[in-house]
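Protein chains in written order, with our numbering: chain A, 37 to 372; chain B, 156 to 293.
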């Protein structure tokens, strides 16, 4: 006992790590870098799953035709809304840089001001994402296990209620075009609003049809109301009310065959919700930490530390990383 | 940040965010142009659109990591310890993407060979030993 305590007294245990810093960075910053590295591995895992599954599918929903709705403007604006989201996140990254710079010259009010703008940017981004998810889930009936966006792999002609070639009001044949993405609408068995508008959102069903290159799609929808599932001349309506339109293949080895629009690759919905959801969770936790640190800055907690607001720098690293991940989510989900 | 005055670093940040915004706008414009939304009849092949997008995204990633996250001003040891694993990760991504492509080709091949086998049986063709061997190797 006596010797032990003597040892203790002679070599005081020093937890500060000493004066020499590995890589010239503080412990906190260094560990933030390695945390971000490990987070990059997690996101890459998701990205690998996405890429491998997408490459393994014969067709994949075309992003410009899936994400083309803008609040207050309706449908038909490919990529515009998600570009807006991207800009919101990008500029919140810039305000974060400004907060760190104000911290470097120990300007408390400046740090609070720019961090507050960053929080607003983060919340704006989350709001946009919530709107986009609502659109997909409530209006386009997408879920983790169901992808209502399919893509034609063969050219064909849609059928009308008599089983003949469908023609629009100008007498032109309405075609199914290989490579074009379609949305499988859902009939409202209970209500009487015509198919495709399970929530009474009229503009949506119409413009989706129009944007897919067949103007008659919307009109076609108004002429019909399906009360129950069944095999109709122009479409197969399944038990859940999904309307699989029929078309006659006009080219290739299956020419002359009658086919129906099928659901798209199942993994699309799961991957979309998991990847953008995981990123959104990062944004949300980033906003919470930004708020906490902003309040701490305001209270003067970091003034005493005299380390040029290093905590702001650390949350800044995290926030830029979230923006960085979005660069690649934006690339693989929306641009390519 | 290291040797820059406050004013210099602020103007630098303005410059970087402007470049990032321009690249993002250019990405979207090029994606829409390449797929024929902006000018009728003008379309680029997928690999050009995809390639340009990937390059632009990498430039954006560089600017965010090196300027916004100040990687440019860290000492080489730190840069290497973070960036080396990232490059290995890029390799993993490329490898798995080509694996996905292989799955697709394999699936199509097995569909094809099942079809040929069925045709042979239906037409009661004399499946010689060589043919059977060829089918098995499909």
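The beta carbon of each residue, even a glycine, is placed where N, CA and C say it ideally should be. The model shown is predicted, which means the values in this text are computed figures rather than measured ones.
Verify the CB distance criterion: does residue 200(B) have a CB-CB separation below 9 Å to chain A?
Here the question's residue 200(B) lines up with position 45 in the second chain. So no, residue 200(B) is outside the interface.
I believe residue 66(A) touches residue 176(B) by the beta-carbon criterion, under 8 Å. Please report the beta-carbon distance rounded to the nearest angstrom.
Here the question's residue 66(A) lines up with position 30 in the first chain. Here the question's residue 176(B) lines up with position 21 in the second chain. Going by Cβ atoms, the distance from residue 66(A) to residue 176(B) rounds to 31 Å, so no, they are not a contact pair.
In this structure, how does DSSP classify residue 218(A) when only helix, strand and coil are distinguished?
For the purposes of this step, residue 218(A) is taken as residue 182 along the first chain, with counting starting at 1. Residue state, collapsed to three classes: strand.
I want to verify the contact list: residues of chain B whose CB lies under 7 Å from the CB of residue 89(A), in sequence order.
Here residue 89(A) corresponds to residue number 53 of the first chain, with the count starting at 1. The contacting residues are 255.
Nearest-angstrom Cα distance between residue 258(A) and residue 278(A)?
As a working note, residue 258(A) is residue 222 in the first chain. As a working note, residue 278(A) is residue 242 in the first chain. For residue 258(A), the pLDDT reaches just 41, beneath the cut-off of 50, and the residue's location in the model is therefore unreliable, although a value from the coordinates is still provided. Spanning the two alpha carbons is a distance of roughly 16 Å.
Which partner residues of residue 294(A) appear in the DSSP bridge assignment?
Here residue 294(A) refers to the residue found at position 258 when the first chain is read from its first residue. 284(A), per the DSSP bridge assignment.
Rounding to the nearest angstrom, what Cα-Cα distance links residue 256(B) and residue 305(A) in this structure?
Taking the second chain and counting its residues from 1, one reaches residue 256(B) at position 101. Taking the first chain and counting its residues from 1, one reaches residue 305(A) at position 269. Whole-angstrom Cα-Cα distance: 20 Å.
Can you check whether the C-beta of residue 114(A) is within less than 9 Å of a C-beta belonging to chain B?
Position 78 of the first chain, counting from 1, holds the residue named residue 114(A). Judged by the 9 Å Cβ criterion, residue 114(A) is in contact with chain B.
Strictly under 9 Å for the Cβ-Cβ distance: is residue 247(B) near chain A by that measure?
Taking the second chain and counting its residues from 1, the one referred to as residue 247(B) is at position 92. Yes, residue 247(B) counts as interfacial toward chain A.
Against chain B, does residue 367(A) count as a neighbour if the rule is that its beta carbon must be under 9 Å from one of theirs?
By one-based count along the first chain, residue 367(A) stands at place 331. Closer than 9 Å: yes.
Would you kindly report the start and end of the unbroken alpha helix (DSSP H) that includes residue 78(A)?
Walking along the first chain from the start, residue 78(A) turns up at place 42. Run containing residue 78(A): 63–92, per the alpha helix (DSSP H) assignment.
So with CB distances below 7 Å, who are the chain B contacts of residue 321(A)?
Position 285 of the first chain, counted from the first residue, corresponds to residue 321(A). None at all; the shortest Cβ gap to chain B is about 18 Å.
In chain A, which residues lie less than 7 Å from residue 164(B) when you measure between Cβ atoms?
By one-based count along the second chain, residue 164(B) stands at place 9. Neighbours of residue 164(B) on chain A, chain order: 137.
Helix, strand or coil for residue 259(B), going by three-state DSSP, please let me know.
Counting from 1 along the second chain, the entry for residue 259(B) is found at position 104. Residue state, collapsed to three classes: helix.
Leaving out five residues before and five after residue 208(B) in sequence, what residues of the same chain have Cβ atoms less than 8 Å from its Cβ?
Along the second chain, one-based indexing puts residue 208(B) at 53. Around residue 208(B): 182, 185 and 186.
Determine whether the beta carbon atoms of residue 353(A) and residue 224(B) lie at a separation below 9 Å.
Here residue 353(A) is taken as the residue at index 317 of the first chain, counted from 1. Here residue 224(B) is taken as the residue at index 69 of the second chain, counted from 1. Result yes, Cβ atoms of residue 353(A) and residue 224(B) sit closer than 9 Å.
Please list the segments of the beta strand (DSSP E) lying wholly inside the segment 133–209 of chain A, counting only runs of 3 or more residues, in order along the chain.
You should have 185–187 and 192–194.
Would residue 240(B) pass as a contact of residue 73(A) if the rule is Cβ separation under 9 Å?
Taking the first residue of the second chain as position 1, residue 240(B) is located at position 85. Taking the first residue of the first chain as position 1, residue 73(A) is located at position 37. Contact: yes.
Closer than 9 Å by beta-carbon distance: list the chain B residues that pair up with residue 356(A), in chain order.
Residue mapping note: residue 356(A) aligns to position 320 of the first chain, counting from 1. Per Cβ cutoff of 9 Å: 219, 220, 223 and 224.
Any beta-carbon of chain B closer than 9 Å to the one on residue 348(A)?
Locating residue 348(A) in the first chain gives position 312, counting from the first residue. Answer no: the Cβ-Cβ gap between residue 348(A) and chain B never drops below 9 Å.
Taking its Cβ as the centre, do 16 or more other Cβ atoms sit within 10 Å of residue 164(B), making it buried, or is it exposed?
Counting from 1 along the second chain, the entry for residue 164(B) is found at position 9. Result: buried.
If residue 190(A) sits next to residue 219(A), beta carbons under 8 Å apart, how far is it from one beta carbon to the other, in whole angstroms?
Counting from one through the first chain, the residue named residue 190(A) turns up at place 154. Counting from one through the first chain, the residue named residue 219(A) turns up at place 183. The pair is not a contact, with the Cβ atoms about 18 Å apart (cut-off 8 Å).
Which residue wins for smallest C-alpha separation from residue 104(A), given the options 91(A), 160(A), 359(A) and 168(A)?
Here residue 104(A) is taken as the residue at index 68 of the first chain, counted from 1. Of the candidates 91(A), 160(A), 359(A) and 168(A), the one whose C-alpha sits nearest the C-alpha of residue 104(A) is 168(A).
From which residue to which residue does the alpha helix (DSSP H) around residue 323(A) run?
Along the first chain, one-based indexing puts residue 323(A) at 287. 303–335 is the extent of the alpha helix (DSSP H) around residue 323(A).
So with CB distances below 7 Å, who are the chain A contacts of residue 232(B)?
Taking the second chain and counting its residues from 1, the one referred to as residue 232(B) is at position 77. Neighbours of residue 232(B) on chain A, chain order: 59.
Strictly below 8 Å CB to CB, what residues from chain B border residue 134(A)?
Indexing the first chain from 1 puts residue 134(A) at position 98. Near residue 134(A) (Cβ distances below 8 Å), the residues of chain B are 165 and 168.
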